[in-house]
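Since the structure comes first, as structure tokens, the remarks are kept for the end.
Protein chains: 2
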Amino acid sequence: MCSAQSVSYANTNPLMLLSGCGAVMRDEKGRAYLDTRNNVAHVGHAHPAVARAVATQVHTLNTNTRYLHPNVCALARKLVETMPAGSELRETGVVFFVNSGSEANDLALRLCAAYTKRRGVVVVDGAYHGHTKSVAGISPYKYAYLGGKPDAVEAVPTPDVYRGSASAESARRDTAAAARKLREDGRGVSAFFVESGMSVAGVVMAPEGWMRAAFETVRGAGGLCVADEVQTAMGRTGRWWYAFEAHGVFPDLVTLGKPLGNGMPLAAVVVVGRCADEFAKGPEYFNTFGGNPVCCAAGLSVFDVLKAERLRNNATAVGNHLVRRLRAIGEDASLDRVTVGDVRGIGLFLGADLVTDRTTKTPATRYASLLCSALVQRHNILTSLDGPGDNVIVIKPPMCFSIRDADRFLDALHTELRRLNVLPPPILGKNNNVATRTPT
Amino acid sequence: MCSAQSVSYANTNPLMLLSGCGAVMRDEKGRAYLDTRNNVAHVGHAHPAVARAVATQVHTLNTNTRYLHPNVCALARKLVETMPAGSELRETGVVFFVNSGSEANDLALRLCAAYTKRRGVVVVDGAYHGHTKSVAGISPYKYAYLGGKPDAVEAVPTPDVYRGSASAESARRDTAAAARKLREDGRGVSAFFVESGMSVAGVVMAPEGWMRAAFETVRGAGGLCVADEVQTAMGRTGRWWYAFEAHGVFPDLVTLGKPLGNGMPLAAVVVVGRCADEFAKGPEYFNTFGGNPVCCAAGLSVFDVLKAERLRNNATAVGNHLVRRLRAIGEDASLDRVTVGDVRGIGLFLGADLVTDRTTKTPATRYASLLCSALVQRHNILTSLDGPGDNVIVIKPPMCFSIRDADRFLDALHTELRRLNVLPPPILGKNNNVATRTPT
Numbered sequence: 014m015c016s017a018q019s020v021s022y023a024n025t026n027p028l029m030l031l032s033g034c035g036a037v038m039r040d041e042k043g044r045a046y047l048d049t050r051n052n053v054a055h056v057g058h059a060h061p062a063v064a065r066a067v068a069t070q071v072h073t074l075n076t077n078t079r080y081l082h083p084n085v086c087a088l089a090r091k092l093v094e095t096m097p098a099g100s101e102l103r104e105t106g107v108v109f110f111v112n113s114g115s116e117a118n119d120l121a122l123r124l125c126a127a128y129t130k131r132r133g134v135v136v137v138d139g140a141y142h143g144h145t146k147s148v149a150g151i152s153p154y155k156y157a158y159l160g161g162k163p164d165a166v167e168a169v170p171t172p173d174v175y176r177g178s179a180s181a182e183s184a185r186r187d188t189a190a191a192a193r194k195l196r197e198d199g200r201g202v203s204a205f206f207v208e209s210g211m212s213v214a215g216v217v218m219a220p221e222g223w224m225r226a227a228f229e230t231v232r233g234a235g236g237l238c239v240a241d242e243v244q245t246a247m248g249r250t251g252r253w254w255y256a257f258e259a260h261g262v263f264p265d266l267v268t269l270g271k272p273l274g275n276g277m278p279l280a281a282v283v284v285v286g287r288c289a290d291e292f293a294k295g296p297e298y299f300n301t302f303g304g305n306p307v308c309c310a311a312g313l314s315v316f317d318v319l320k321a322e323r324l325r326n327n328a329t330a331v332g333n334h335l336v337r338r339l340r341a342i343g344e345d346a347s348l349d350r351v352t353v354g355d356v357r358g359i360g361l362f363l364g365a366d367l368v369t370d371r372t373t374k375t376p377a378t379r380y381a382s383l384l385c386s387a388l389v390q391r392h393n394i395l396t397s398l399d400g401p402g403d404n405v406i407v408i409k410p411p412m413c414f415s416i417r418d419a420d421r422f423l424d425a426l427h428t429e430l431r432r433l434n435v436l437p438p439p440i441l442g443k444n445n446n447v448a449t450r451t452p453t
Numbered sequence: 014m015c016s017a018q019s020v021s022y023a024n025t026n027p028l029m030l031l032s033g034c035g036a037v038m039r040d041e042k043g044r045a046y047l048d049t050r051n052n053v054a055h056v057g058h059a060h061p062a063v064a065r066a067v068a069t070q071v072h073t074l075n076t077n078t079r080y081l082h083p084n085v086c087a088l089a090r091k092l093v094e095t096m097p098a099g100s101e102l103r104e105t106g107v108v109f110f111v112n113s114g115s116e117a118n119d120l121a122l123r124l125c126a127a128y129t130k131r132r133g134v135v136v137v138d139g140a141y142h143g144h145t146k147s148v149a150g151i152s153p154y155k156y157a158y159l160g161g162k163p164d165a166v167e168a169v170p171t172p173d174v175y176r177g178s179a180s181a182e183s184a185r186r187d188t189a190a191a192a193r194k195l196r197e198d199g200r201g202v203s204a205f206f207v208e209s210g211m212s213v214a215g216v217v218m219a220p221e222g223w224m225r226a227a228f229e230t231v232r233g234a235g236g237l238c239v240a241d242e243v244q245t246a247m248g249r250t251g252r253w254w255y256a257f258e259a260h261g262v263f264p265d266l267v268t269l270g271k272p273l274g275n276g277m278p279l280a281a282v283v284v285v286g287r288c289a290d291e292f293a294k295g296p297e298y299f300n301t302f303g304g305n306p307v308c309c310a311a312g313l314s315v316f317d318v319l320k321a322e323r324l325r326n327n328a329t330a331v332g333n334h335l336v337r338r339l340r341a342i343g344e345d346a347s348l349d350r351v352t353v354g355d356v357r358g359i360g361l362f363l364g365a366d367l368v369t370d371r372t373t374k375t376p377a378t379r380y381a382s383l384l385c386s387a388l389v390q391r392h393n394i395l396t397s398l399d400g401p402g403d404n405v406i407v408i409k410p411p412m413c414f415s416i417r418d419a420d421r422f423l424d425a426l427h428t429e430l431r432r433l434n435v436l437p438p439p440i441l442g443k444n445n446n447v448a449t450r451t452p453t
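Chains as they are written, first to last, in my numbering: chain A, 14 to 453; chain B, 14 to 453.
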């Protein structure tokens, strides 16, 4: 194969998937797989309304973005109108359309630097903000492998309340220390980048007050606050913007990507007017494909479908059901070798943290890998693992994922967990880690 | 308007364009505009075959790239198969699909650094490689405005043989000096980035031998050579890969973007196997949308249409016609105030350098702006300007641009040039620069 891809189940049986519908994908033999992980097919695989919108627009016009087009303006308006009333983003927000979450965070870096005239960035340990060279450099999840932490970056600890501790107080102390270091070394504080819900860190949700304290401290040091909602946007958590609505903070910039175009490459930065104005004084920013009429047609249709099918409500209802049943599985006393130690997240952005011991909370890395392998091989269920221990099942399916889908997944999960608790313990090398860990 | 865009004719009359066909776009009142500049709608606006391919695929499956899909492999194969027989890229080439030319060059930077373990980059003055923070940093066209040249970058002079001089010898001398500086300062030479045809620099084509000498010198210093074919790829010059086929060099990496998906966000890096292998030893590179089945369907269809409609031949024939007639206009002795001083490029990648004086070669910046304004207002012809003097009309239309289209454009151009030569000289402020200069 001459194309370089990072494929799931690569060591056992990579799948060739040729069609999709709702939360189901089918392979070349017509076998159907239940999809618990594809946060890109946001309103469902090959959703007919989105597909029609794309098909109509691509037959009419696609072009670079040198001209006005109603789709661009309409989609920008939709994004700004979902911001909370009274917030600066709602009142003055400007939208930059780009092609990926990585491009969105990369542009956000440039916007913050243009506004603050500084370059220091405070980030959160375990965070992932994308694959361009610059945003890999503000991603502790990646930069350890890429020659280490860049000099203008300081990281604060992951707000993990399951294995660690985090509070408003720790946020204030840690961000203040990071900001002080950046100032002392002459780099100054340009921005605080934070995922509203941390995905590759293993679905880590900051506790009450943590985000607000961090925002206040960074702003006190002159930095802007960037909420990376690439994983959580477009209603996945049941809310429009998790940062605002759950953490009660008001970011200066919000970035989003994956779900916006239901798989079409489309992403955006929404930024307060004062920052956009300062950026506009610099050289022209031009993004050839960003905001093209075809991808924007997809984005508009995603908004329509979310509303028509009440998918934010569905995310809340099915999410609550999943949390309840996952917790119940975690309480099954017969699972004494590997079990669900913690359930985190909200809506259809959930993590089930597999441990070998409820007290020590030891990540069940090898079991998790076996479990995902069994789920695809015996039950045709697609899952993914994340977290530093590769032991958190991340549940972020298409938003039409139903209670029935959830039950099918949960029944299979419980069955396989039971089986793993009676089988001889796994003896596995690293290569048997068959499910993929990483941002999807 | 709450979306931030960099729009053409923004100071006079920005256009809202709603449909397209071939080399024509139509506005909201149905007015047709001849498009001489849209290198994104590569095989023609809303080409029905490409539109059908996209529509079919988007109704079937779009997903992130965690799974195998025949479109990805087929498109990768097509790209590699167009490389010259015997070249290392043809024999061992690996394709990474991404979403934009910027992402392609950004990844190329990372690939080179992973292979060479060094970070110094040699670039060409006036070059533009994209908008992410890192590739803006290797783009002299941009970095002057962004806080200056980054410390790991050295630029060699633009190989401009119209206003300056350039030769194999100058290339050898200049790249050797740049490489020496990078080595002496401890950064080492990771890569040489060069556009096979320089677009924003004003359609500058390096002379015979220049590219080969530069490649040899940079390789001698241990660097890899990256041919940025974002502007010139997919047959625009009449050849598949201008770097190989016109300059006679064999790049280690080729990047391409704009034309590949006929407007769909799709771009690629083709890289020699030894470099891809080294990169694979590092952390996973995952690009959510890169190589998605819908955009790849567009890419495959672009290849089919190029072949079926013999568009590379068309580019050569119409390009030759344009060059001949532009040169003839330049020889019209009545044009003594503003004229075509130089015609550069090949196929449908051409530049007409407007000057106020054939001897001094003074850029006719203000006239050029007036000319483009007259062309859109009186003739419904879309044009664009580039070059450091904003005086080069860059001609890079859809590949179906016909002899008749060319004649319509050339007649209008000649008419308006004649008019500008008899009207009182323009008194214009900077803001009257109505046509847009920049990468499109």
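Backbone N, C-alpha and C fix where the C-beta goes; we use that ideal spot for every residue, glycine too.
What residues from the segment 79-102 of chain A come within 8 Å of chain B, judged by C-beta to C-beta, listed N to C? Arg79, Tyr80, Leu81, His82, Pro83, Val85, Cys86, Leu88, Ala89, Arg90, Val93
Cut-off 8 Å between Cβ atoms - residues of its own chain near Val53 of chain A, not counting five sequence neighbours on either side: Lys271, Pro272, Asn275, Gly276, Thr453
Neighbour-count burial assignment, Asn446 of chain B, 16 or more Cβ in a 10 Å radius: For Asn446 of chain B, the pLDDT reaches just 38, beneath the cut-off of 50, and the residue's location in the model is therefore unreliable, leaving the point undetermined.
How many Å lie between Asn444 of chain A and Glu291 of chain A at the Cα? Residue confidence is low: Asn444 of chain A scores 39 on pLDDT, short of 50, so the model does not pin down where it sits. No coordinate-derived value is stated.
According to the Cβ coordinates, are Asn75 of chain B and Asn404 of chain B closer than 8 Å? no
So, does the CB of Gly161 of chain A fall closer than 8 Å to a CB anywhere in chain B? no
Which runs of the alpha helix (DSSP H) at least 4 residues long sit entirely within the segment 137-213 of chain B? Give them in chain order. 146-149, 153-156, 181-197
In whole angstroms, what is the alpha-carbon distance linking Leu335 of chain B and Gly400 of chain A? 59 Å
Could you pull the start and end residues of the beta strand (DSSP E) that Met38 of chain A belongs to? 37-40
6 Å CB neighbourhood of Thr428 of chain A in its chain, flanking five on each side removed: none
Starting from the C-beta of Arg252 of chain A, find all residues in its chain whose C-beta is less than 7 Å away, skip the five residues before and the five after it, and write them out in chain order. Glu258, Ala259
If we cut at 8 Å on Cβ distances, does His58 of chain B have a partner in chain A? yes
Cβ closer than 8 Å: which chain B residues qualify as neighbours of Cys238 of chain A? In chain order: nothing, as chain B lies at least about 19 Å away.
Taking 8 Å as the CB-CB limit, is Pro264 of chain B close to chain A? no
With which residues is Leu28 of chain A paired in a DSSP beta bridge? For Leu28 of chain A, which the question treats as bridged, DSSP gives no partner whatsoever.
Nearest-angstrom Cα distance between Val134 of chain A and Tyr128 of chain A? 13 Å
Which of the three DSSP states is assigned to Tyr46 of chain B in this structure? strand
CB contact below 8 Å: Met14 of chain A versus chain B: Because the pLDDT at Met14 of chain A is just 43, under 50, the model does not fix this residue reliably, and the point stays unresolved.
Look at the alpha carbon of Ala98 of chain B and the alpha carbon of Val285 of chain B, and state the distance between them as a whole number of angstroms. 14 Å
Does the CB of Ala64 of chain B have a neighbour CB from chain A at under 8 Å? yes
Distance between Val389 of chain B and Tyr80 of chain A (C-alpha atoms, nearest Å): 13 Å
Out of B:Val20, B:Asp265, B:Val356, B:Asp164, which one is the CA nearest neighbour of Arg176 of chain B? B:Val356
Taking 8 Å as the threshold (C-beta atoms), are Tyr255 of chain B and Gly210 of chain B in contact? yes
Spell out a yes or no on whether the segment 114-124 of chain B and the segment 99-118 of chain A are touching, meaning 3 or more CB-CB pairs, one atom from each, closer than 8 Å. yes
With DSSP run on the structure shown, which of helix, strand or coil describes Phe299 of chain B? coil
What residues from the segment 42-53 of chain B come within 7 Å of chain A, judged by C-beta to C-beta, listed N to C? Asn51, Val53
Of all the CB atoms in chain B, is at least one closer than 8 Å to the CB of Val67 of chain A? yes
DSSP-derived helix/strand/coil call for Pro220 of chain A: coil
Beta-carbon within less than 8 Å of Ser347 of chain A's beta-carbon, same chain only, minus the 5 sequence neighbours each way: which residues are those? Arg431, Asn434
Proximal residues of chain A, C-beta to C-beta of Tyr158 of chain B below 7 Å: Gly295, Pro296
Residues in its own chain within less than 6 Å of Lys162 of chain A by CB, not counting five upstream and five downstream? Tyr156
Rounding to the nearest angstrom, what Cα-Cα distance links Pro410 of chain B and Asn327 of chain B in this structure? 12 Å
Output the residue ranges of the alpha helix (DSSP H) runs that lie fully inside the segment 229-311 of chain A and measure 4 residues or longer, sorted by chain position. 255-260, 286-293
With 16 other Cβ atoms within 10 Å as the buried cut-off, status of Asn26 of chain A: exposed
Could you tell me the alpha carbon to alpha carbon distance between Asp173 of chain A and Leu363 of chain A, rounded to whole angstroms? 15 Å
Beta-carbon spacing of Val262 of chain B, Gly235 of chain B below 8 Å: no
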